[in-house]
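Everything on this sheet refers to the single structure shown next.
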Amino acid sequence: MDEKTIKKIAHLARMSLRDESEVQQRLRESTGILSFIEQLQEVDTTGIVPLANPNDDIQRLRKDEVMTGEIGNAGSAHVLANAPEQNSGYFVVPKIVE
Amino acid sequence: MSSISDLTLDQTRRKLLSKELSAKDVTDHYLSRMEVYKSLNAYITETPDLAQKQAAESDARLANGTARPLEGIPIGMKDLFCTEGIRTTAGSKILGNFVPHYESTVSRKLRDAGTIMLGKTNLDEFAMGSSNTTSAYGNTISPWRRKNGGNEELVPGGSSGGSSAAVSAKLCLGATGTDTGGSIRQPASFCGIVGIKPTYGRCSRWGIIAYASSLDQAGVFAETVKDTALLLEACSGFDPRDSTSANLPVPDFSAALTGDVRGLRIGIPKEYRVDNMPEEIEKLWQQGIDWLKSAGAEIVEVSLPHTKYALPTYYIIAPAEASSNLARYDGVRYGVRQDKPALIDMYEATRAAGFGDEVKRRIMIGTYVLSAGYYDAYYIKAQQVRRLIRQDFINAFEKCDALLTPATPSAAFAIGENEDDPVKMYLNDVFTVSLNLAGLPGMSVPAGLDSQGLPLGLQIIGKAWDEETIFKVGGVLENAANFKAKPFQ
Chain A
2 MDEKTIKKIA HLARMSLRDE SEVQQRLRES TGILSFIEQL QEVDTTGIVP LANPNDDIQR
62 LRKDEVMTGE IGNAGSAHVL ANAPEQNSGY FVVPKIVE
Chain B
793 MSSISDLTLD QTRRKLLSKE LSAKDVTDHY LSRMEVYKSL NAYITETPDL AQKQAAESDA
853 RLANGTARPL EGIPIGMKDL FCTEGIRTTA GSKILGNFVP HYESTVSRKL RDAGTIMLGK
913 TNLDEFAMGS SNTTSAYGNT ISPWRRKNGG NEELVPGGSS GGSSAAVSAK LCLGATGTDT
973 GGSIRQPASF CGIVGIKPTY GRCSRWGIIA YASSLDQAGV FAETVKDTAL LLEACSGFDP
1033 RDSTSANLPV PDFSAALTGD VRGLRIGIPK EYRVDNMPEE IEKLWQQGID WLKSAGAEIV
1093 EVSLPHTKYA LPTYYIIAPA EASSNLARYD GVRYGVRQDK PALIDMYEAT RAAGFGDEVK
1153 RRIMIGTYVL SAGYYDAYYI KAQQVRRLIR QDFINAFEKC DALLTPATPS AAFAIGENED
1213 DPVKMYLNDV FTVSLNLAGL PGMSVPAGLD SQGLPLGLQI IGKAWDEETI FKVGGVLENA
1273 ANFKAKPFQ
């Protein structure tokens, strides 16, 4: 890991870094945590199927049907209620196309 | 007459049913204690108006014979459970203005069982922490103090630290928690109360703000094993809205408290004798073994060979899932936005300003281990080791019915301790985290005090879907330990 990787990861995660000192801080922390998790490499996992979920034997799929859930007939008003900015039933974001 | 807050949840329930107390008496008493002990900062949001309204309804039901199972019992709700019309922050600045329009399944079930919600309890930001010091709403202070004459403020544990402090200080009779790596069992141990994390899939995750979805599980805190049995029964059960919720009947958990463990085989995992384990913890563990042996249980040594890999496995899987789950906080649909003229800049500024340090740390690690080139080496590898950890437990449970271990490697530490190195803080979960990876239920029961007079818990681990054996063993340990210590003394 180096400064360049930290900046790339922060951008992938869409979190701006305050200044160079934050880059150094994140680098230090991430390096420490990575060296801690590095010990997994010593485990022989040849042929072991990855486990994504402890109850992988009981996972269900539901029918592909439209559900309104708790929203019921209140419609988009509830969905939009916590939006920082909304207009005419839409979420509003800053301009994307220059 | 003794004070209302000297009663346990079950005792209060009986006095409400026999009309020796009213729900109004009980609720007003707890609301006034919340005022007195406000400095503990156990609640982020108090809901006294709602509580009084619910108390009036409870009194009406108690009077007309339509009382529900937990009618009139005041509880605290971890501020990670979405509550309709009541601000839900997850301990984060980014959700400082978030008011859900829906109720989580667990909080709805507890409400429908007749409980009264006193408020939303404090927690580590997005449930990431073992100290409650990562909350954007200030530290929760443990009601306990060391007996060394100093008056250092101690952590209540985390992430469900507001809930554990509130139950321990009697600012409610029970509380909800969530446990992703130990966030119920460690704070229960630090605060001298009982905390249970049931089997993954026992309680619905619907409406719980997600941290690491394959590990997150709701559970409860209370003063006694019986009290947690009553609460857990009320909030468990199948929910079609959570695809990992198990369609299994909910047992009568309090009926499992028979006091009889004769013939039960209790496994002692030898790998839990970690290096540098404090002598007090070792002694307490042996004491627990002796208690169960004299109650007629059979003690067997078992091996969980991949134990030492549980924490590193957790610190790949949990941050990976967190980085994905927390991608939704982008300043568009909810939460606090930082205005910028361009979209990407708005995302980056919103997330930089909205998340605290520990959350950023985990998002960075999670993004890294999921990124191209590292996915197989870290993430897939961790999921493979996860299967080996689960297999260890399956093998051990061929030889025993439950496991007994310490709950934490130490008693509560002071606020500010363990903050110099994130990995040091992570080691708090060394005895608890394997269960989340394997999806197993676990309980912390207060069993003794350290030399500074601080509580220490023992952990009982059960087979998947066998919380009943945990309650049975927990009840026997509780009787044997006869833990009577209280904070503020």
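Those protein sequence lines, which keep their order, are chains A and B.
Residues in the first sequence are numbered consecutively from 2, following my numbering.
Residues in the second sequence are numbered consecutively from 793, following my numbering.
Built from N, CA and C at the ideal position, the CB exists for glycine as well.
Distance CB(residue i)-CB(residue j) smaller than 7 Å
{"i": "residue 1249(B)", "j": "residue 1233(B)", "result": "no"}
{"i": "residue 1130(B)", "j": "residue 1119(B)", "result": "no"}
{"i": "residue 955(B)", "j": "residue 870(B)", "result": "yes"}
{"i": "residue 1017(B)", "j": "residue 1270(B)", "result": "yes"}
{"i": "residue 1254(B)", "j": "residue 1194(B)", "result": "yes"}
{"i": "residue 1126(B)", "j": "residue 873(B)", "result": "no"}
{"i": "residue 810(B)", "j": "residue 981(B)", "result": "no"}
{"i": "residue 1020(B)", "j": "residue 912(B)", "result": "no"}
{"i": "residue 1161(B)", "j": "residue 1112(B)", "result": "yes"}
{"i": "residue 1197(B)", "j": "residue 1064(B)", "result": "yes"}
{"i": "residue 1221(B)", "j": "residue 973(B)", "result": "yes"}
{"i": "residue 814(B)", "j": "residue 841(B)", "result": "no"}
{"i": "residue 952(B)", "j": "residue 995(B)", "result": "no"}
{"i": "residue 936(B)", "j": "residue 1246(B)", "result": "yes"}
{"i": "residue 24(A)", "j": "residue 10(A)", "result": "no"}
{"i": "residue 1156(B)", "j": "residue 77(A)", "result": "no"}
{"i": "residue 1159(B)", "j": "residue 41(A)", "result": "no"}
{"i": "residue 1004(B)", "j": "residue 829(B)", "result": "no"}
Under 8 Å from the C-beta of residue i: neighbouring residues of chain B
{"i": "residue 101(A)", "result": "With chain A running from 2 to 99 in the structure shown, residue 101(A) is simply not present."}
{"i": "residue 46(A)", "result": "1173, 1176, 1177 and 1180"}
{"i": "residue 30(A)", "result": "1153, 1156 and 1214"}
{"i": "residue 60(A)", "result": "1035 and 1036"}
Proximal chain B residues relative to residue i, where beta-carbon distance stays under 7 Å
{"i": "residue 17(A)", "result": "1140, 1141 and 1144"}
Cβ-heavy atom distance, residue i to the ligand FAD, below 6 Å
{"i": "residue 1132(B)", "result": "No copy of the ligand FAD occurs in the structure displayed, which carries no ligand at all."}
Same chain, Cβ closer than 6 Å to residue i, five either side skipped, listed in chain order
{"i": "residue 1180(B)", "result": "1098"}
{"i": "residue 1009(B)", "result": "971, 989 and 992"}
{"i": "residue 1272(B)", "result": "1083"}
{"i": "residue 1030(B)", "result": "1037 and 1039"}
{"i": "residue 1200(B)", "result": "978 and 981"}
{"i": "residue 1139(B)", "result": "1122"}
{"i": "residue 899(B)", "result": "869, 873 and 875"}
Boundaries (first-last residue) of the beta strand (DSSP E) holding residue i
{"i": "residue 1251(B)", "result": "1247-1254"}
{"i": "residue 1195(B)", "result": "1194-1198"}
Chain-ordered chain A contacts of residue i [CB-CB under 7 Å]
{"i": "residue 890(B)", "result": "83"}
{"i": "residue 1135(B)", "result": "94, 95 and 97"}
{"i": "residue 1230(B)", "result": "55"}
Cutoff 7 Å; reference residue i; Cβ partners in own chain excluding five residues on either side
{"i": "residue 93(A)", "result": "86 and 87"}
{"i": "residue 15(A)", "result": "none"}
{"i": "residue 19(A)", "result": "none"}
{"i": "residue 1053(B)", "result": "1084, 1087, 1088, 1089, 1264, 1265 and 1268"}
{"i": "residue 843(B)", "result": "819, 823, 866, 908, 909 and 910"}
{"i": "residue 800(B)", "result": "1015, 1016 and 1019"}
{"i": "residue 1069(B)", "result": "1201"}
Proximal chain A residues relative to residue i, where beta-carbon distance stays under 9 Å
{"i": "residue 1178(B)", "result": "51, 52, 53 and 55"}
{"i": "residue 811(B)", "result": "In chain order: nothing, as chain A lies at least about 36 Å away."}
{"i": "residue 1125(B)", "result": "80, 81, 83, 84, 85 and 92"}
Unbroken alpha helix (DSSP H) run spanning residue i, endpoints
{"i": "residue 1269(B)", "result": "1259-1273"}
{"i": "residue 835(B)", "result": "Note, residue 835(B): premise wrong, no alpha helix (DSSP H); beta strand (DSSP E) at 835-838."}
{"i": "residue 1181(B)", "result": "1173-1188"}
{"i": "residue 866(B)", "result": "Unbroken run through residue 866(B) is the beta strand (DSSP E), 866-870; no alpha helix (DSSP H)."}
{"i": "residue 8(A)", "result": "4-13"}
{"i": "residue 59(A)", "result": "Per DSSP, residue 59(A) belongs to no alpha helix (DSSP H) and is neither H nor E."}
{"i": "residue 1152(B)", "result": "1149-1162"}
Identified DSSP bridge partners for residue i
{"i": "residue 1236(B)", "result": "987(B) and 1251(B)"}
{"i": "residue 92(A)", "result": "87(A)"}
{"i": "residue 1090(B)", "result": "1057(B)"}
{"i": "residue 1014(B)", "result": "966(B) and 986(B)"}
{"i": "residue 1000(B)", "result": "873(B)"}
{"i": "residue 1022(B)", "result": "None; residue 1022(B) has no bridge partner."}
{"i": "residue 41(A)", "result": "For residue 41(A), which the question treats as bridged, DSSP gives no partner whatsoever."}
{"i": "residue 912(B)", "result": "837(B) and 869(B)"}
{"i": "residue 1203(B)", "result": "DSSP lists no partner for residue 1203(B)."}
{"i": "residue 1219(B)", "result": "In DSSP, residue 1219(B) forms no bridge with anything."}
Same chain, Cβ closer than 8 Å to residue i, five either side skipped, listed in chain order
{"i": "residue 925(B)", "result": "916, 931, 947, 950, 1207, 1208 and 1211"}
{"i": "residue 793(B)", "result": "In this prediction, residue 793(B) scores a pLDDT of 46, lower than 50, which makes its location untrustworthy; the coordinate-derived value is nonetheless stated afterwards. Around residue 793(B): no qualifying Cβ."}
{"i": "residue 1191(B)", "result": "1057, 1059, 1092 and 1094"}
{"i": "residue 880(B)", "result": "871, 872, 873, 874, 887, 890, 891, 892, 912 and 1001"}
{"i": "residue 1186(B)", "result": "none"}
Amino acids of chain B, ordered along the chain, whose beta-carbon sits closer than 9 Å to that of residue i
{"i": "residue 40(A)", "result": "1100, 1101 and 1104"}
Neighbour list for residue i in chain A, Cβ cutoff strictly below 8 Å
{"i": "residue 885(B)", "result": "Here the premise fails: no neighbours, minimum Cβ distance about 14 Å."}
{"i": "residue 1129(B)", "result": "85 and 86"}
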